[in-house]
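> Numbering-wise, this note's numbering comes out as the position in the sequence shown, counting from 1, plus 1.
Note that beta-carbon positions come from the ideal geometry of N, C-alpha and C, so glycine has one too.
Source: prediction; values computed, not measured.
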Amino acid sequence: MNKVLKAMKPYPMDELIKAKEELRKQGKKIYDFGTGDPKEPTAPFIREAVRNAVPEVSQYPTVKGRKDLREAVSVWFENRFGVKLDPETEIIPSAGSKEAIFHFPLVFIEEESEKKRVIYGTPAYPVYERGTLFAGGTPTPLTLKYEDGFLLRLDRVEPSILEETKIVWINYPHNPTGAVAPMSYLKDIYEICREYDIILCSDECYTEIYFEDKPPSALQVGKENVVVFHSLSKRSGMTGYRSGFVAGDDKIIKEYLRFRSSFGVGSPEFIQIGAREAWKDEKHVEERREIFRKKKEIFEEFFKNEGLEFLDVKATFYFWVKVPEGVSSKDYALHLLKYGIVISPGEFFGNGGEGFFRIALVPSVEECREAVKVWKEAHRTIKRS
Numbered sequence: 002m003n004k005v006l007k008a009m010k011p012y013p014m015d016e017l018i019k020a021k022e023e024l025r026k027q028g029k030k031i032y033d034f035g036t037g038d039p040k041e042p043t044a045p046f047i048r049e050a051v052r053n054a055v056p057e058v059s060q061y062p063t064v065k066g067r068k069d070l071r072e073a074v075s076v077w078f079e080n081r082f083g084v085k086l087d088p089e090t091e092i093i094p095s096a097g098s099k100e101a102i103f104h105f106p107l108v109f110i111e112e113e114s115e116k117k118r119v120i121y122g123t124p125a126y127p128v129y130e131r132g133t134l135f136a137g138g139t140p141t142p143l144t145l146k147y148e149d150g151f152l153l154r155l156d157r158v159e160p161s162i163l164e165e166t167k168i169v170w171i172n173y174p175h176n177p178t179g180a181v182a183p184m185s186y187l188k189d190i191y192e193i194c195r196e197y198d199i200i201l202c203s204d205e206c207y208t209e210i211y212f213e214d215k216p217p218s219a220l221q222v223g224k225e226n227v228v229v230f231h232s233l234s235k236r237s238g239m240t241g242y243r244s245g246f247v248a249g250d251d252k253i254i255k256e257y258l259r260f261r262s263s264f265g266v267g268s269p270e271f272i273q274i275g276a277r278e279a280w281k282d283e284k285h286v287e288e289r290r291e292i293f294r295k296k297k298e299i300f301e302e303f304f305k306n307e308g309l310e311f312l313d314v315k316a317t318f319y320f321w322v323k324v325p326e327g328v329s330s331k332d333y334a335l336h337l338l339k340y341g342i343v344i345s346p347g348e349f350f351g352n353g354g355e356g357f358f359r360i361a362l363v364p365s366v367e368e369c370r371e372a373v374k375v376w377k378e379a380h381r382t383i384k385r386s
């Protein structure tokens, strides 16, 4: 077995799947706030477009993707962020954002080079670290702090470390905390990356789930050495369709495209057609945001009433919550499991997650109301013990 795999801990969400299977065997009703996979139906017009596009003869898709999809992405990006992207040279469709994030270091990290560090925040989406390890890079996690609004502070990193860094990952709006980065922050980190010739990779798959100001894109501050990763999973409820895109610096996109054929990640044509229609429409996205807003309000009231401290949710469908005093996040999660409530302990997202837990607003609005009633009893039980 690959030595990287041998040394690696199980993927955190696999642990949640096992826990849920055990609850099902016990016949318990499950309120699943663990994996970020919302239940709201994919919009009918998207499903119809995919159905109508399924071909009689199936053939291999190209990694460059359909021209009309790249054009639809280009139009959407300009309308949303005010940045014009060339659909021929600055956009690549991807099978969601996860595969592209994982594969990116495989192309741009040279194992023998002294410049092979990859910086990312912790707590974080686990794939930044895993892609780095498989590419032979040096994972360099920086602890994100509550008092800093969970912003990755590259300005506090030693210059000697930055000189060895090839890639910096940022993810705002942030998984797991829901933190949002202002434009001023993006400008600062962009300038640092330019100074040290670092590729700035911005995972932006949550930019469309917001409740106040629209979150910005890193490409709004510049294209040089900047690559962004977007997905239809959260925006359009298409997690199972695996569709997104990578965009940015044309030189980087050209190199990345050249090697993606080796990974075999071309999206099926019928998925690309559904994706094209999804990027053209905003109404279904607005409707989804309103549903998440209702769920958010239910839990804001609940956590405040129970005295649980949490980061104010301005974007994403996540709550990042401090565990009750004297209890570890894993013990709190195990306690809630007895009541059928599934959450993600903070340590699932790295050392920076200790002392917190994450909930994903996945169940329906009505299920969220039900879960709060069950959770109240569970929370009071652990306080008494």
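How many angstroms separate the CA atom of I47 from the CA atom of P39?
By one-based count along the sequence shown, residue 47 stands at place 46. By one-based count along the sequence shown, residue 39 stands at place 38. Cα-Cα distance, rounded: 17 Å.
> Could you pull the start and end residues of the alpha helix (DSSP H) that K281 belongs to?
For the purposes of this step, residue 281 is taken as the residue at position 280 of the sequence shown. Run containing K281: 270 to 281, per the alpha helix (DSSP H) assignment.
> Could you check if M239 is buried or exposed, using at least 16 other CB atoms within 10 Å of its CB as the buried criterion?
Here the question's residue 239 lines up with position 238 in the sequence shown. The residue in question, M239, is buried, as its Cβ has 16 or more Cβ neighbours within 10 Å.
> Using three-state DSSP, classify L233 as helix, strand or coil.
Position 232 of the sequence shown holds residue 233. Here L233 sits in helix by DSSP.
> The ligand MG and S75: does the residue's C-beta get closer than 6 Å to at least one heavy atom of that ligand?
The ligand MG is not part of this structure, which contains no ligands at all.
> Please report how far the alpha carbon of C369 lies from the alpha carbon of D87, in whole angstroms.
Against the sequence shown, residue 369 aligns to sequence position 368. Against the sequence shown, residue 87 aligns to sequence position 86. Looking at the two C-alpha atoms, the distance is approximately 42 Å.
> Kindly give me the distance between the Cβ atoms of L187 and V169, rounded to whole angstroms, as I take these residues to be in contact under 8 Å.
Translated into positions along the sequence shown, residue 187 becomes position 186. Translated into positions along the sequence shown, residue 169 becomes position 168. Between V169 and L187 the Cβ distance is about 12 Å, and since that is not below 8 Å, they are no contact.
> Find out if the Cβ-Cβ distance for the pair G347, S330 is shorter than 7 Å.
Walking along the sequence shown from the start, residue 347 turns up at place 346. Walking along the sequence shown from the start, residue 330 turns up at place 329. Yes; because the gap between Cβ atoms is below 7 Å, this pair is in contact.
> Quick one: what does DSSP say C194 is sitting in, helix, strand or coil?
Looking up residue 194 in the sequence shown gives position 193. C194: helix per DSSP, three-state reduction.
> Sort T166, V76, A379, G83 by Cα distance to E115 and report the nearest one.
The sequence position of residue 115 within the sequence shown is 114, counting from 1. Selected option, being the one with the closest Cα: T166.
> Which residues in the same chain as Q221 place their Cβ atom closer than 8 Å to its Cβ, once the five residues preceding and following it in sequence are excluded?
Walking along the sequence shown from the start, residue 221 turns up at place 220. So the qualifying residues of the chain are F82, G83, V84, M184, L187.
> Between the alpha carbons of D33 and K374, how many angstroms are there, rounded?
Indexing the sequence shown from 1 puts residue 33 at position 32. Indexing the sequence shown from 1 puts residue 374 at position 373. Approximately 15 Å, taken between the alpha carbons.
> When you compare only the Cα positions, how much space is there between R1 and K339?
Residue 1 lies beyond the residue range present for the chain, which begins at 2 and ends at 386; the question has no answer from this structure.
> Could you say which of A219, E112, V58, S234 lies nearest to L201 if we only look at CA atoms?
Numbered from its first residue, the sequence shown carries residue 201 at position 200. Of A219, E112, V58, S234, the residue nearest in Cα terms is A219.
> G353 by DSSP, collapsed to three states: which one?
Taking the sequence shown and counting its residues from 1, one reaches residue 353 at position 352. DSSP places G353 in helix when its eight states are reduced to three.
> Reducing DSSP to helix, strand and coil, say where A180 ends up.
Within the sequence shown, the letter at position 179 stands for residue 180. In this structure, A180 counts as coil in the three-state DSSP scheme.
> Mind checking whether F246 and I360 have CB atoms under 7 Å apart?
Taking the sequence shown and counting its residues from 1, the one referred to as residue 246 is at position 245. Taking the sequence shown and counting its residues from 1, the one referred to as residue 360 is at position 359. Contact: no.
> In the DSSP assignment, find the beta strand (DSSP E) that holds L152 and state where it starts and stops.
In the sequence shown, counting from the first residue as 1, residue 152 sits at position 151. Note, L152: premise wrong, no beta strand (DSSP E); not H, not E.
> Applying the 10 Å Cβ sphere with the 16-neighbour rule, what's the burial state of R277?
Within the sequence shown, residue 277 is the residue found at index 276, counting from 1. By the neighbour-count rule (16 or more Cβ atoms within 10 Å), R277 is buried.
> F357 to I253, Cα distance in whole Å?
In the sequence shown, residue 357 corresponds to position 356, counting from 1. In the sequence shown, residue 253 corresponds to position 252, counting from 1. Cα to Cα, F357 sits roughly 37 Å from I253.
> Which first and last residues belong to the beta strand (DSSP E) in which L201 is found?
By one-based count along the sequence shown, residue 201 stands at place 200. Unbroken beta strand (DSSP E) run through L201: 200 to 204.
> Pull up the distance between the alpha-carbon of G138 and that of R131, whole angstroms please.
Start at 1 with the first residue of the sequence shown, and residue 138 comes out as number 137. Start at 1 with the first residue of the sequence shown, and residue 131 comes out as number 130. When rounded, the distance between both Cα atoms is 10 Å.
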